[in-house]
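Chains as they are written, first to last, in my numbering: chain A, 1 to 341; chain B, 1001 to 1341.
Here is the structure:
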């Protein structure tokens, strides 16, 4: 259900050479191992079975994009003196993301994630739910280490926003009557809210000014929106081999994303998405719909929307002092969105 | 899976007349409506479907035992001046309890709870998980209203303890090889930890001394242990009509509780629990095992263990100033445990 930091794994033919993320993390790269150690410490529990299950979930972790955003957002401000707060916060953002994936995979009955078996594929639903709950709790415990009430509230509300977004997606399945605002609401819940909390909390803990905190929050929000739109586009333009899953899986699962919305806006004489959902989604109708999406320019239009969010992300950074961290944040927009095709 | 404040609904023949709980809540009764309002406010969300599902979960709420414990624990100290912190904390304890029940019922595939349909009986597993997650997040958000980092950490760790306890119970199903310590660990997770956090947080927010905070934590822990043991006993001595579910449901579900443990300790020549689990739990073997438990005195011995925890709960209150609240806390032990048979 969530985009899994996929761009670097997907090699779209039109893709240009991309700078490795690790280079973009330069200004905070020295502190990422502390995040890794904090995350690995989560499995140090006296209950061996729980330790094994957490270890499995954390063993093939992502690229630490969210923790890097937290640290980069704090880097231009009182960073070193607040590193003991920034590290647990950054770790909590990754753990929150991981916990939502554990529950998502159970909700979706997904068998694999990041190339390895999901928890729900080898333990019961009950155990999966409880391990996810445990990870939510542990992430809140890490946030409490910051001793900052403001980020604790922000963190709790982010989880509420995530759940709200996921519930919207769940109940909007196979409903073609959706507005672009509803789509934006859903992808804010599933992705942008976590990005904006990552950057807002980093700036807050590093004692940035209210204006700068708002700037980094807006940067995170707009980057997250662009990131998710690109992911939703890749679902249509990637091949099964590139995506590691069948192409157009969103449409197969009844999830209406931006390309499908733009197709409906564009075609006034008929509604191919309505037809697809009402057809019982046979393979031919699905292939026809995907072909329509690929050929009518809605991919390009969707990408233009993502680029618009990217521009806003970069513009938001205006109140942030120039320096290596700001350059890295701008570079991330470039790497994650602008040069993803 | 959780005891649902059942004693007042169960009328065991040996039960004496019991004081209504509402009378015991006297010293804080005037403030419970504020807790109710806070809880009802949880369903005020812009998403009508989520509002409906939360409304359903909260519509038939329990007796507010956990919120009452929070308020009573704060009552002897700086209560009025901290009421704006105590009310959200008390509400959060009830919401945490409610959220765990939502996930538990899904884990157990339970169809009813508190005499009404469970969430999982009429929406998908996915929606049930997400509504539970939302309620966890909202409870953490309420705790953040206290602006007290110590209770925020305590709250997060309590959810970790609950999950740990539930996972222990899940993985110990149909395993007769369990120690009394393992049983205590599990019931601390499922019940006593929430009781002790209720009382510890109340005392903390009302600015009790460290010694008094520890006293109220210990009171809550011991009361919770006794409360759960009584519940585990009622599962054997109540009839189906009294319990609202088949008698000995724990044994049916493979959950080994104190009476079964004591039976195994007592019978050295054979192991009836092992035999039952290995028999595939046919009705006759189950009935025979329940009869053994009822006739060999292990019910009485189990009750003696509960009473020992009750005594510790009352003894723990020593550093708490005498007054109406302390009298109520002692009365609760009496009502929930001592006079439950």
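Note that the Cβ used here is the ideal one computed from N, Cα and C, for glycine as well.
#1: Taking the alpha-carbon positions, what's the residue 1085 of chain B to residue 161 of chain A distance?
#2: Express the C-alpha separation of residue 1067 of chain B and residue 1381 of chain B in angstroms, rounding to a whole number.
#3: Whole angstroms is fine: what's the gap from residue 264 of chain A's alpha carbon to residue 127 of chain A's?
#4: Per DSSP, residue 1113 of chain B forms a beta bridge with which residues?
#5: Comparing alpha-carbon positions, which option in B:1239, B:1133, B:1251 and B:1148 lies nearest residue 1176 of chain B?
#6: What first and last residue would you give for the alpha helix (DSSP H) that runs through residue 40 of chain A?
#7: Inspect the beta-carbon positions of residue 1195 of chain B and residue 1167 of chain B and report whether they are closer than 7 Å.
#8: Give the secondary structure of residue 1025 of chain B by DSSP, where H, G and I count as helix, E and B as strand, and everything else as coil.
#9: Within this structure, are the beta carbons of residue 290 of chain A and residue 310 of chain A separated by less than 7 Å?
#10: By how many angstroms is the C-alpha of residue 1192 of chain B removed from the C-alpha of residue 1360 of chain B?
#11: Would you verify that the beta carbon of residue 1126 of chain B is, or is not, closer than 7 Å to some beta carbon of chain A?
#12: What do you reckon, are the CB atoms on residue 369 of chain A and residue 28 of chain A nearer than 7 Å?
#13: Mind checking if residue 1011 of chain B is an interface residue toward chain A, Cβ cutoff 7 Å exclusive?
#14: Can you pull the chain A residues whose beta carbon is under 7 Å from the beta carbon of residue 1152 of chain B, in chain order?
#15: Just verifying my parser: in three-state terms, what is the DSSP assignment at residue 1079 of chain B?
#16: With 7 Å as the threshold, decide whether the Cβ of residue 1255 of chain B is near any Cβ in chain A.
#17: Measure the Cβ-Cβ separation of residue 74 of chain A and residue 205 of chain A and say whether it is below 7 Å.
#18: Taking only the alpha-carbon atoms, compute the straight-line gap between residue 43 of chain A and residue 153 of chain A and give it to the nearest angstrom.
#19: Using a beta-carbon distance below 7 Å, is residue 1157 of chain B in contact with chain A?
#20: Rounded to whole angstroms, how far is the Cβ of residue 1165 of chain B from the Cβ of residue 1089 of chain B, which I believe are closer than 8 Å?
#21: Work out the CA separation of residue 1259 of chain B and residue 1298 of chain B for me, nearest whole Å.
#22: Assuming residue 1076 of chain B and residue 1319 of chain B make a contact with CB atoms under 8 Å, what is their CB distance in whole Å?
#23: Give me the Cα-Cα distance between residue 7 of chain A and residue 307 of chain A, rounded to the nearest whole angstrom.
#24: Checking contacts by CB at 7 Å: is residue 1001 of chain B closer than that to chain A?
#25: For residue 284 of chain A, count the other beta carbons within 10 Å of its own beta carbon; 16 or more makes it buried, fewer makes it exposed. Which is it?
#26: Which residues in chain B sit within 8 Å of residue 170 of chain A, going by Cβ to Cβ distance?
#27: Taking the C-alpha atoms as reference points, what is the distance between residue 336 of chain A and residue 1052 of chain B?
#28: For residue 49 of chain A, decide whether its Cβ has a neighbour in chain B, counting only Cβ atoms nearer than 7 Å.
#29: Quick one: measure Cβ to Cβ for residue 198 of chain A and residue 69 of chain A, integer angstroms, because I've assumed they're closer than 8 Å.
#30: Might you give, ordered along the chain, the residues of its own chain that have their beta carbon closer than 7 Å to the beta carbon of residue 1239 of chain B, omitting 5 neighbours on each side?
#31: Just mark residue 1266 of chain B as buried or exposed, buried being the case when its beta carbon has 16 or more other beta carbons within 10 Å.
#32: Tell me the start and end of each unbroken beta strand (DSSP E) in the stretch 1243 to 1292 of chain B that is at least 3 residues and wholly inside, in chain order.
#33: Compile a chain-ordered list of the residues in the stretch 1094 to 1122 of chain B whose CB is closer than 7 Å to at least one CB of chain A.
#34: Taking contact to mean at least 3 C-beta pairs separated by less than 8 Å, is the stretch 1134 to 1153 of chain B in contact with the stretch 113 to 121 of chain A?
#35: Look at the Cβ atom of residue 1142 of chain B, then the Cβ atom of residue 1091 of chain B, and state whether they are nearer than 7 Å.
#36: Taking residue 1357 of chain B as the query, report the chain A residues whose CB atoms sit under 7 Å from its CB, ordered along the chain.
If we stick to the structure as given:
#1: In this structure, the alpha-carbon of residue 1085 of chain B lies about 24 Å from that of residue 161 of chain A.
#2: The structure shown has nothing for residue 1381 of chain B, since chain B only spans 1001 to 1341.
#3: Answer to the nearest angstrom: the Cα atoms are 41 Å apart.
#4: Bridge partners of residue 1113 of chain B: B:1116.
#5: Check the Cα spacing between residue 1176 of chain B and each of B:1239, B:1133, B:1251 and B:1148: the tightest is with B:1251.
#6: Residue 40 of chain A -> alpha helix (DSSP H) spans 32 to 41.
#7: No, these two residues do not count as a Cβ contact at 7 Å.
#8: Residue 1025 of chain B: coil per DSSP, three-state reduction.
#9: Contact check for residue 290 of chain A against residue 310 of chain A fails: the beta carbons are separated by 7 Å or more.
#10: No information on residue 1360 of chain B is available, as it lies outside the stretch 1001 to 1341 that chain B covers here.
#11: Proximity of residue 1126 of chain B to chain A, defined by a Cβ-Cβ separation below 7 Å, is satisfied.
#12: No answer is possible for residue 369 of chain A: it lies beyond the span of chain A, which begins at 1 and ends at 341.
#13: Note that residue 1011 of chain B scores 38 on pLDDT, short of 50, meaning its location in the model is unreliable and no value can be drawn from it.
#14: The CB of residue 1152 of chain B comes closer than 7 Å to the CB of 144 and 152 in chain A, given here in chain order.
#15: Of the three classes helix, strand and coil, the one that applies to residue 1079 of chain B here is coil, per DSSP.
#16: No, its Cβ sits nowhere closer than 7 Å to a Cβ of chain A.
#17: Between residue 74 of chain A and residue 205 of chain A, the CB-CB gap stays under 7 Å.
#18: Rounded to whole angstroms, residue 43 of chain A to residue 153 of chain A spans 25 Å at the Cα level.
#19: Against chain A, the CB of residue 1157 of chain B has a partner CB under 7 Å away; the residue lies at that interface.
#20: That pair is no contact at about 22 Å.
#21: Straight-line Cα distance between these residues: approximately 6 Å.
#22: Not a contact, Cβ separation roughly 10 Å.
#23: Unreliable positioning characterises residue 7 of chain A in this predicted model, as indicated by a pLDDT of 39, which lies under 50. The coordinate reading is nonetheless provided below. Between residue 7 of chain A and residue 307 of chain A, the C-alpha separation is close to 15 Å.
#24: Residue placement at residue 1001 of chain B is flagged as unreliable, the pLDDT there being 41, under the threshold of 50; a coordinate-derived value is accordingly withheld.
#25: Residue 284 of chain A should be labelled exposed.
#26: Under the 8 Å cutoff, chain B gives 1124, 1126, 1127 and 1130.
#27: In a straight line, the C-alpha of residue 336 of chain A is about 38 Å away from that of residue 1052 of chain B.
#28: With 7 Å as the cut-off, residue 49 of chain A counts as an interface residue toward chain B.
#29: The distance from the Cβ of residue 198 of chain A to that of residue 69 of chain A is about 4 Å, consistent with a contact at the 8 Å cut-off.
#30: Beyond the five residues adjoining it in sequence on each side, residue 1239 of chain B comes within less than 7 Å, by CB distance, of 1247 in the same chain, given in chain order.
#31: Its Cβ having fewer than 16 others within 10 Å, residue 1266 of chain B is exposed.
#32: Entirely contained in the stretch 1243 to 1292 of chain B, not one beta strand (DSSP E) run reaches 3 residues.
#33: Taking 7 Å as the Cβ-Cβ cut-off against chain A, the residues of the stretch 1094 to 1122 of chain B that qualify are 1103, 1106 and 1107.
#34: Fewer than three Cβ pairs drawn from the stretch 1134 to 1153 of chain B and the stretch 113 to 121 of chain A lie within less than 8 Å of each other, which leaves the two stretches out of contact.
#35: Yes, they are a contact pair.
#36: Here chain B comprises residues numbered 1001 to 1341, so residue 1357 of chain B is not present and cannot be evaluated.
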